[in-house]
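*Asks:* Okay, here's the structure, questions in a sec.
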Amino acid sequence: MPIDPYILLLLGTVGLAALFPARGPAADVASGASTAAVALLFFLYGARLSTREALDGLRHWRLHVTVLACTFLLFPLLGLAARGLVPVILTHPLYQGLLFLTLVPSTVQSSIAFTSMARGNVPAAICAGSFSSLVGIIATPLLAASLLGSSGGFSADSLLKIVLQLLVPFLAGQLLRRWIGGFVTRRKQVLGLVDRGSILLVVYTAFSAGMVQGIWHQVSPARLGGLFVVEAVILAVMLLVTWYGGKALRFGRADRIAIQFAGSKKSLAAGLPMASVLFGAQAALAVLPLMLFHQMQLIVCAMIAKRRAREAASEVTAPQPAATTRTAVCTGTRSG
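In the numbering used here, the protein residues as written are 22 to 357.
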């Protein structure tokens, strides 16, 4: 599977920060620009999210509750279980980043894309991803306050920054959506560049601060390899639980596909800005697990989506005996 081009841009930004980190006044300018970019990013999120579509999606509440439980309950439990791997496999800073990864909301775009590719319930995936992003603006900082605490760089000031830098712009976008929603919708490509450019700026600022403080001396290739294995196990567990758990809860195949892709992934776009607010100068190591997990989930979920699509195609094209078809029709008629 090809590497996501945006991941290459992120890695290039990390390399740029390693070679030319922002220092002194330049660091202050980069930090201010990053703060403004994050606020703009969440303002655009608010302006894009259709309140009516979100309310309509509540009719499928069992599916959305299942996805939210996977995202904000099961994922964090796996993150807490990984605490036993410190310090043998993970360093404490890497574990803090891994735990933060499990608190981040689900994706929207890739969940929809993979659900569509696998012939699943696309409207459900749209609503599930949107609900997760909306809930995550509040749930992720609260979970971080509870699970990370002061050791993760979280404090009352961090909570206030979250409210002012993320929640307030998001609500402002929602309030102004009536007047600017059409404009935002018509210019998705341009605003998409703004989104990605904002995240790149956040990454550059975070990794510049990390270089200046020398925190990269804390990470060795063996530690990165251990982190990769741990994240692969977490992703495998979530993919299995979302698929077979959906079956146990008696969801149809299309709904199970939406649950699997929306409930097993984490949003890089939402996680990076939050990490920059929550961790400050320590954000470089905090976002490293999220960046690694993001690429891993894209590769694995793309393979699964193609497999689900082949299975659906074989079910449609497989010939059925005439007697079986008549029996099924008659049975359906009697039950009706």
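Idealized CB from N, CA, C, for every residue including glycine. Computed from a predicted structure; not experimentally measured.
Would Leu311 pass as a contact of Gly118 if the rule is Cβ separation under 8 Å?
*Replies:* In contact: Leu311 and Gly118 (Cβ atoms closer than 8 Å).
*Asks:* Could you say which of Ala68, Gly53, Val156, Val240 lies nearest to Thr206 if we only look at CA atoms?
*Replies:* Checked all of Ala68, Gly53, Val156, Val240; the closest Cα to Thr206 is Ala68.
*Asks:* Taking the alpha carbon of Leu115 as the point to measure from, which residue in Glu336, Val258, Pro242, Val321 has its own alpha carbon closest?
*Replies:* Ranking Glu336, Val258, Pro242, Val321 by Cα distance to Leu115 puts Pro242 first.
*Asks:* Taking the straight line between their C-alpha atoms, what separation do you get for Leu101 and Thr123?
*Replies:* Distance between the alpha carbons of Leu101 and Thr123 is about 9 Å.
*Asks:* Can you give the beta carbon distance from Ala304 to Ser297, rounded, assuming they're within the 8 Å contact cut?
*Replies:* Going by Cβ atoms, the distance from Ala304 to Ser297 rounds to 5 Å, so yes, they are a contact pair.
*Asks:* I need the DSSP call for Val35, collapsed to helix, strand or coil.
*Replies:* Three-state result, Val35: helix.
*Asks:* What span of residues does the alpha helix (DSSP H) with Ser127 cover, start to end?
*Replies:* Unbroken run through Ser127: none, as it is neither H nor E.
*Asks:* Classify His238 as buried or exposed, calling it buried when 16 or more other Cβ atoms lie within 10 Å of its own Cβ.
*Replies:* The residue is exposed, with fewer than 16 neighbouring Cβ atoms inside 10 Å.
*Asks:* By DSSP, does Gly157 sit in helix, in strand, or in coil?
*Replies:* DSSP places Gly157 in helix when its eight states are reduced to three.
*Asks:* Taking only runs that begin and end inside the stretch 202 to 264, name each unbroken alpha helix (DSSP H) of 4 or more residues, in chain order.
*Replies:* Taking only runs of at least 4 residues, the alpha helix (DSSP H) segments lying wholly in the stretch 202 to 264 are 209 to 234.
*Asks:* Could you tell me whether the Cβ atoms of Leu84 and Ala269 are closer together than 8 Å?
*Replies:* Result no, Cβ atoms of Leu84 and Ala269 do not sit closer than 8 Å.
*Asks:* With Ile201 and Leu99 assumed to form a contact (beta carbons below 8 Å), what rounded beta-carbon distance in angstroms separates them?
*Replies:* With 8 Å as the limit, Ile201 and Leu99 do not qualify as a contact, their Cβ atoms being about 39 Å apart.
*Asks:* Does the Cβ of Pro46 have 16 or more other Cβ atoms within 10 Å, making it buried, or fewer, making it exposed?
*Replies:* Classification for Pro46: exposed.
*Asks:* Which residues bound the alpha helix (DSSP H) around Arg277?
*Replies:* Where Arg277 is concerned, the enclosing alpha helix (DSSP H) stretches over 274 to 284.
*Asks:* Cβ of Ala43 within 8 Å of Cβ of Ser229?
*Replies:* Result yes, Cβ atoms of Ala43 and Ser229 sit closer than 8 Å.
*Asks:* Give me the Cα-Cα distance between Ala48 and Ala58, rounded to the nearest whole angstrom.
*Replies:* Spanning the two alpha carbons is a distance of roughly 15 Å.
*Asks:* How many Å lie between Ala54 and Ile220 at the Cα?
*Replies:* Rounded to whole angstroms, Ala54 to Ile220 spans 11 Å at the Cα level.
*Asks:* Could you compute how far the alpha carbon of Ile110 sits from the alpha carbon of Gly231?
*Replies:* The straight-line gap from Cα to Cα measures roughly 22 Å.
*Asks:* Taking just the CA atoms, how far does Pro97 sit from Gln281?
*Replies:* Straight-line Cα distance between these residues: approximately 17 Å.
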